[in-house]
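Below is one structure; the comments refer to it alone.
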Amino acid sequence: MDLILVNLIDGLVFGLLLFMLSSGLTLIFSMMGVLNFAHASFYMLGAYFGYQLSTVLGIGFIGGLIVAPIIVGVGGALIERYGLRQVHQYGHVPELIFTFGLALLIQEVVKLFWGQNQIPYFEPAYLDFALFSVGDNAIKAYKVFMIFISLAIFGGLLYILTKTRIGMIIQAALSYPKTVEALGHNVPFIFMGVFGVGTALAGVAGVIAGPALGTFPGMAFTLGSIVFVTIVVGGLGSLWGALLASLLIGWLTTFAASYNLRMEDILTGLGMTKPEVMSDSMLQDLWTLTLPQVGPILPYLLMVLILVFRPQGLLGKREA
Amino acid sequence: MSTANTTNRAYGAITLGTLLPWIIGAIILLVLPILMGSKGQLTIMSQMSIMVVFALAYNMLLGQGGMLSFGHAVYMGMGSFLCLHVMNASYFGSVPLPILPLIGGFFGLGIAMIIGSFSTRSAGTIFAMISLGLGELMAACVLIIVVFFGGEEGISGYRDEGLPFFGLEFISHIEVFYLIAFWLFVSAALMFLFSRTPVGRMANAVRDNPERAQFLGYSARWVRFVSFSASGFFCGIAGGLSAILFEIATESDLNVTASGVILLIVFLGGVGFFWGPIIGAVVFILLQTVLGLQTHLWELYVGVIFVAMVMYFPGGLAGIIMSHAVAMSLGKLGLLVRPYLTCVLPAIIGILGLCGLIEMIFHMREAPTGETEMTLFWTAIDTHHIWAWLVFGVIAAGGILLARQQSSVLKEAWDQANTIDTPAEEPS
Amino acid sequence: MLKKTKLGVAITLAATLSASVAFAENIKIAFVDPLSGPFATTGTNGAAEWTYAADVLVNDKGGVLGGKNFEIVTFDNKMSGKESLIQVQVAIDQGIRFIAQGNSSGIAAAITDAVNKHNRRNPDDRVLFINYSAVDPALTNEKCNFWHFRFDANADIKMDALTDVMAARDDLKKVYLIGQDYSFGKAVAAAAERDITNKRPDVEIVGNELHPIGKVKDFTPYARKIVASGADSVITGNWGSDMVGLGKAIIEAGFEGQIYTYYAASNGITRTFGEDGKGHLNLVHEGQLNPPVSDRASAYVDGFEAKYPDHDISQARIANAVEMLAKAIDAAGTADDVVKVAYALEGMEHDSIWGGKVFMRPQDHQAIQDVHVGAHTDENIRHPLDNSPYGLMDNVKVEMAAMDSATTCEMKRP
Numbered sequence: 003m004d005l006i007l008v009n010l011i012d013g014l015v016f017g018l019l020l021f022m023l024s025s026g027l028t029l030i031f032s033m034m035g036v037l038n039f040a041h042a043s044f045y046m047l048g049a050y051f052g053y054q055l056s057t058v059l060g061i062g063f064i065g066g067l068i069v070a071p072i073i074v075g076v077g078g079a080l081i082e083r084y085g086l087r088q089v090h091q092y093g094h095v096p097e098l099i100f101t102f103g104l105a106l107l108i109q110e111v112v113k114l115f116w117g118q119n120q121i122p123y124f125e126p127a128y129l130d131f132a133l134f135s136v137g138d139n140a141i142k143a144y145k146v147f148m149i150f151i152s153l154a155i156f157g158g159l160l161y162i163l164t165k166t167r168i169g170m171i172i173q174a175a176l177s178y179p180k181t182v183e184a185l186g187h188n189v190p191f192i193f194m195g196v197f198g199v200g201t202a203l204a205g206v207a208g209v210i211a212g213p214a215l216g217t218f219p220g221m222a223f224t225l226g227s228i229v230f231v232t233i234v235v236g237g238l239g240s241l242w243g244a245l246l247a248s249l250l251i252g253w254l255t256t257f258a259a260s261y262n263l264r265m266e267d268i269l270t271g272l273g274m275t276k277p278e279v280m281s282d283s284m285l286q287d288l289w290t291l292t293l294p295q296v297g298p299i300l301p302y303l304l305m306v307l308i309l310v311f312r313p314q315g316l317l318g319k320r321e322a
Numbered sequence: 007m008s009t010a011n012t013t014n015r016a017y018g019a020i021t022l023g024t025l026l027p028w029i030i031g032a033i034i035l036l037v038l039p040i041l042m043g044s045k046g047q048l049t050i051m052s053q054m055s056i057m058v059v060f061a062l063a064y065n066m067l068l069g070q071g072g073m074l075s076f077g078h079a080v081y082m083g084m085g086s087f088l089c090l091h092v093m094n095a096s097y098f099g100s101v102p103l104p105i106l107p108l109i110g111g112f113f114g115l116g117i118a119m120i121i122g123s124f125s126t127r128s129a130g131t132i133f134a135m136i137s138l139g140l141g142e143l144m145a146a147c148v149l150i151i152v153v154f155f156g157g158e159e160g161i162s163g164y165r166d167e168g169l170p171f172f173g174l175e176f177i178s179h180i181e182v183f184y185l186i187a188f189w190l191f192v193s194a195a196l197m198f199l200f201s202r203t204p205v206g207r208m209a210n211a212v213r214d215n216p217e218r219a220q221f222l223g224y225s226a227r228w229v230r231f232v233s234f235s236a237s238g239f240f241c242g243i244a245g246g247l248s249a250i251l252f253e254i255a256t257e258s259d260l261n262v263t264a265s266g267v268i269l270l271i272v273f274l275g276g277v278g279f280f281w282g283p284i285i286g287a288v289v290f291i292l293l294q295t296v297l298g299l300q301t302h303l304w305e306l307y308v309g310v311i312f313v314a315m316v317m318y319f320p321g322g323l324a325g326i327i328m329s330h331a332v333a334m335s336l337g338k339l340g341l342l343v344r345p346y347l348t349c350v351l352p353a354i355i356g357i358l359g360l361c362g363l364i365e366m367i368f369h370m371r372e373a374p375t376g377e378t379e380m381t382l383f384w385t386a387i388d389t390h391h392i393w394a395w396l397v398f399g400v401i402a403a404g405g406i407l408l409a410r411q412q413s414s415v416l417k418e419a420w421d422q423a424n425t426i427d428t429p430a431e432e433p434s
Numbered sequence: 030m031l032k033k034t035k036l037g038v039a040i041t042l043a044a045t046l047s048a049s050v051a052f053a054e055n056i057k058i059a060f061v062d063p064l065s066g067p068f069a070t071t072g073t074n075g076a077a078e079w080t081y082a083a084d085v086l087v088n089d090k091g092g093v094l095g096g097k098n099f100e101i102v103t104f105d106n107k108m109s110g111k112e113s114l115i116q117v118q119v120a121i122d123q124g125i126r127f128i129a130q131g132n133s134s135g136i137a138a139a140i141t142d143a144v145n146k147h148n149r150r151n152p153d154d155r156v157l158f159i160n161y162s163a164v165d166p167a168l169t170n171e172k173c174n175f176w177h178f179r180f181d182a183n184a185d186i187k188m189d190a191l192t193d194v195m196a197a198r199d200d201l202k203k204v205y206l207i208g209q210d211y212s213f214g215k216a217v218a219a220a221a222e223r224d225i226t227n228k229r230p231d232v233e234i235v236g237n238e239l240h241p242i243g244k245v246k247d248f249t250p251y252a253r254k255i256v257a258s259g260a261d262s263v264i265t266g267n268w269g270s271d272m273v274g275l276g277k278a279i280i281e282a283g284f285e286g287q288i289y290t291y292y293a294a295s296n297g298i299t300r301t302f303g304e305d306g307k308g309h310l311n312l313v314h315e316g317q318l319n320p321p322v323s324d325r326a327s328a329y330v331d332g333f334e335a336k337y338p339d340h341d342i343s344q345a346r347i348a349n350a351v352e353m354l355a356k357a358i359d360a361a362g363t364a365d366d367v368v369k370v371a372y373a374l375e376g377m378e379h380d381s382i383w384g385g386k387v388f389m390r391p392q393d394h395q396a397i398q399d400v401h402v403g404a405h406t407d408e409n410i411r412h413p414l415d416n417s418p419y420g421l422m423d424n425v426k427v428e429m430a431a432m433d434s435a436t437t438c439e440m441k442r443p
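Written out as C-alpha cells, the structure reads:
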C-alpha cells in the first residue's frame, strides 16, 4: 500500500513536469501548426541557464528560476521572429525540419560552452531535506515544491487563456487568424509572444528538473520524443488533453517501473509450459520479459495505438 | 515547398539527353576505384553508395510522396539483420552473394507492407508521429529480442562464405565496391523508372493535393501505400549492401538517430529533385569522415549548415544548382562569375574565420595545460596570444562585411542573368 | 584587400613550414573511440591518458627499438560499430599496426571480429587490437582470438572481487541487482547472482531486474522499489547518466546501505555525487590511486592532472598497456611484424606503476592483475577526481584476481 502512495506522488511529479513542457508545445502547435522539435532543447537551455545564473553568477536558485525562463523565452521569441517566420513561407515540412535542425544545433552549442559532462547543478539546500516518509521511502521537500510550481503554472495559464482579454484574442487567433488580423490585432506578434511564452514554460521546467533529473547535454534528447508522445496522446492543441496525457504517462511509466509483472507468469497462467533449456527456445526473450524492462517504451506503444484508432487524441477536437 | 517540376521532362521518349546522366554516373562508378584505390577510401565510397541508395529510397517518400518519416532506418536495418542471418545460415554456401541484397529488399518490402497497411492511412503529422513511435519501439526491441537482433552487439557474419560467383569470393574491398556500385546503379535506375510510372506520378499528385487526386479515381491511401512499400524495398536493398560491406548489423543501424541522419542527408541534397539525395549523401559522408578527422566539432558545423540550408535554401544543394538553370539557358552564367568571386568568396573566408574562432574557444577549453599551440588551417597558432584572436576576428568580420557590401552587386547580377534581354528570343 | 592577400601568403607559408617538421619513424597507435557525440567525455579522457602515458612512460625514456617514439593517432568512431570499422580501415591504410579501443563491448566485439577477418584476408599488413577497457567476458572466452589483448579485468573478475568484499560483511542480508538491459548489464547480473549464491548462500537476492539503456528519464520508481524491498546492498553495472540517475535516486529515496558499482567515478560522476555518495558508493577497479602506492605513481598522476586539469587517471590500465606494448616491441625487435609482438606480449609479466604485477595470460589474452574496491569519500584523498574534494579510497585488494579462472577460449595461433 505504501508503495502505491509513493508511486502516485512520484508519478504526479514526473507527469506535471511533462505537462510544463507539453503545455507550451501544444499551445505553439495549435497556434502555428508547428510541431516544435526543439522544444525539449529549450528545456535543456533552461536548466543550463538556471545553473549558470544561480551558482556561477550567484543570484540563488529562486533568482535562476525567475531569470532563466525569461532569457529562454526571449531567445525563443527571437528564433520565431528571425528563423521560423523565414521558413514559414516554405510550408510545414521545412518548418518541422528547421526545428529538428535547431535541436541538433542547440545541443552542440551547449556542449561547446558547458562541455560533455553532467554539471553540478543541485537543489537549493533549504529544499534538500526529507519532508516526510511513506514507509521507508523519503519524499523530499523539493518534490513537493515541484508539484506546487507546476500547479501554479497550470492555474495561471488556464486563467490567462480563459479569463483575460489577451487570452480571448489568443484563442480567437487559434481558430480564425485572418479574422483576428482584420480586427486590427497584430497576429504575427501574438505568434511570437506565444512561442516565447511556450519556450519560457519549457525553460521553467528545465530549471526545476535540472537538479532532480540531472543536467547534461543529452537531457533534451531523452525527454524530447516523450513530450511529442504526450501532446499527440492528449490531442494536439488541447491544454486539458496535455494535462491528462502528461499525468497518464507519468503514472504509466512510474507504475510500470515499480511492478515486476513477468511475462513468464502470464504465459504459464495461459497454460503454456516454460521450456527446459531457455537458450534453445526461439521465444526465450518473450519468456524473460518483465514490465520494468519495457516500461519506458510503453508511451510510444500508446501513441501508435492512439494514432491508429483515435487520431485526434484523447481530448483533441481535430485530426493532427 | 518547391517541387519536382523540373523532373517533368517529356516522358516516354528515351533520348541521349535522358541517358547521358546515367552513362556519366556509370563511368564515375567504374573509374573511381581506379583513381582512389586504398582500402579506407574504398570503404568510404562503398558507404557513400549505400547511403545514396537509402537516401533515394527515403526521398521516394519525402520528395515524391510528401510523407515525412522519422523512423525510416527501421526498414534498412531490418534488411541488414535478415541478410546477416542468411550469411550465418547453413545454406549460405549455396547462395551467391550478389543476390543477397535482393533478399534484404524483399524483407524490407514485407515489413513496410505490414507497417504501411495502417501508417499510410493519412499523411502529414499523423504519419510522421506513427513513424517516430514505431522507430522508437523497433530500436527498443533490438535490445530486448536477443534471438533475432543479438542485443547490443548485433549480428555479424562472413561474406566470403557464400557460393563463389564466377570465381569471385568478395574478399577484397574492390570486389565489394563493384558489387555495391552495381546495385546502386540498378536501384537508382529502378527508382527513377518508378517515379515515371503512373503510380509514381500519382504520388506527386497526392502529395500536392490529395482531394483532386481522389477525384481522378485514385485512392490517396493506396498510392501512399505503394510508395511506402516500394521505398521499404529499396531501403532493404541498402540494408543488404550494408550487411555485405560491414558484415555486422547493430542497433545503431535502425535507431532514431539513424533515421534523423537520413532526413538530414536528403534535405541537405534537396528533396525536389530525383538526384538531390545523391548529392546529399555524398556531401554528408564527406563532411562526416573528412571534417570528422579534422575537428571534434563537426556535428556543430553540420548543424549550422543544416539550419542555414533550411532557412535560406529550402531546395537543398540540388536547388542551388538548379537555380542557375535559367541563367544557363539564357547563356548568361558568365555574368555571375565576377560577383560570386567578390561576394561568395569573402563570405566563405569570413565563415572560415568564424570557424577558426570557434575552434580556438574549443582548444582553450580542451587542450592540456601549457599546450597553447594548435594547428588551424595548416597554420600553427598560439591561442593564448591576443594576435591570433585579432587576426581571426579581422578575417571573420572583414570577410562577412565585404560579402554584405557586395551582396547588392550579386543581386543585381543575378536579376540581370535571369532576365531576357531581347524579347524576340524564346527560352527553351 | 592587398594587406589581406599578404597575410594569406604569410599564413600559407607558415603552414608549409610547420608541416615540413615531420615526425619520422614514429610507431603509431590508433586510438579509436568516441570523440564527438554523447559519449565523447570518456573518449577524450582516454585519448589524454594514452597520449600522456606514451609521452611519459616511453618517449621521455628514449622510446623503443633504440629511439623510435610512440605516437597516438586519434580516430573518432562516434560510438558506432560501422564507423569504427571504417576508422580502423583508415588507420590500417596509414600503416598503423596497433588499434586501441575500449568504450563499449559491442564495438570491441565488432572490432575484434573485423581485425580477425582482416588479418586472415591480408596476411601482409596484420594488426593487433589493444582492448583497454571493454569488459564483456565473451571477448576472452568464446569470441577470443590471437590478435586481441585485454588489459582491463573482465566483468566476471571484477564481480568476483566485489562479491569477496560483500561476502566478508556480516550485516549483509539482502541484495538487489539492477542494470541496463544489454549484454554487459546481463553479464553483471548473472555473475553477481552466481557469486553471491556461492559465497553466501544465506544472503537473499531480493531483486534482479533490467531497465532499458539510456531511456529512463526518472529513476525514482526503481529507487522506491529498492528501498521498499529492504535491501541493504545494491549491485549495478550502470554507467554514464544511467549510473548518476540511478545512484542519486536511490540515495535520495532514503536508502541507507551500500551501492556496489563498476563505473561510478570520474567524467563528472564523482563531482555530481559529491557528499550524497559518501558512505554509499563502492567501486571495483584496477590501479590504486588512494592511498598512493609509490612516489613514482603519485608523480605520474600529479603530472597528468597538471597537464590535463579537466581529465582524470580513470583508466589506470592504460599505463600498463603502453608499458607492456613497448616492452613487447623491444623484445620482438620489430614493430611491423605483429605476430612476433603478440608472441612477446603473451605470457608477459610486468611490474605495474600502480604496484603489483600484471600477467598477460597466454591462453585467453586476459591481463591478470590486482583488483581493488574503493569507497567514494573526501577523507585522506591524495588524488581526488573531477576537480572535486572527492575520490576513491581503496580499502580492499584482491591480488592477481582470478589467476586460475577457467576460460572457454580456444586460441588459434598463426
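Protein chains in written order, with my numbering: chain A, 3 to 322; chain B, 7 to 434; chain C, 30 to 443.
Think of the CB as a built atom: it goes at the ideal place given N, C-alpha and C, for glycine as much as any other residue.
Bear in mind that the values here come from a model prediction, so they are computed numbers and not experimental data.
CB contact below 8 angstroms: residue i versus chain B
| i | result |
| --- | --- |
| C:Ser65 | yes |
| C:Thr363 | no |
| A:Met305 | yes |
| A:Leu317 | no |
| C:Asp29 | Nothing in the structure corresponds to residue 29 of chain C, since chain C is present only between 30 and 443. |
Exposure of residue i, with buried meaning 16 or more beta-carbon neighbours within 10 Å
| i | result |
| --- | --- |
| C:Ala51 | In this predicted model, C:Ala51 has a pLDDT of only 40, less than 50, meaning its place in the structure is not dependable enough to derive any value. |
| B:Thr24 | exposed |
| B:Phe76 | buried |
Proximity test, Cβ basis, 8 angstroms: residue i and chain C
| i | result |
| --- | --- |
| B:Pro107 | no |
| B:Phe87 | no |
| B:Lys45 | yes |
Below-8 angstroms beta-carbon distance, residue i vs any chain A residue
| i | result |
| --- | --- |
| C:Pro338 | no |
| B:Val80 | no |
| C:Thr299 | no |
| C:Glu281 | yes |
C-beta atoms of residue i and residue j nearer than 8 angstroms
| i | j | result |
| --- | --- | --- |
| A:Thr28 | A:Leu238 | yes |
| B:Ala402 | B:Leu363 | yes |
| B:Val277 | B:Leu68 | yes |
| B:Ile151 | A:Asp12 | no |
| A:Ala70 | A:Val209 | yes |
Contact belief for residue i with residue j at Cβ below 8 angstroms, rounded distance in angstroms
| i | j | result |
| --- | --- | --- |
| C:Ala260 | C:Gly236 | 7 angstroms |
| C:Lys202 | C:Glu171 | 36 angstroms between Cβ atoms; not a contact. |
Ignoring anything shorter than 3 residues or poking outside the segment 163-201 of chain C, list the beta strand (DSSP E) runs there in chain order.
-> Entirely contained in the segment 163-201 of chain C, the beta strand (DSSP E) runs reaching 3 residues are, in chain order, 177-179.
Contiguous beta strand (DSSP E) assignments of at least 3 residues, all confined to the segment 49-117 of chain B = Listed in chain order, there is nothing to give.
What residue ranges within the segment 235-268 of chain C form continuous beta strand (DSSP E) runs of no fewer than 3 residues, ordered along the chain?
-> Inside the segment 235-268 of chain C, DSSP marks whole beta strand (DSSP E) runs of 3 or more residues at positions 262-265, from first to last along the chain.
Jot down the residue ranges of each uninterrupted alpha helix (DSSP H) in the segment 144-200 of chain B, minimum 4 residues, whole runs only, in chain order.
-> Those alpha helix (DSSP H) runs which fall completely within the segment 144-200 of chain B and span 4+ residues are 152-155.
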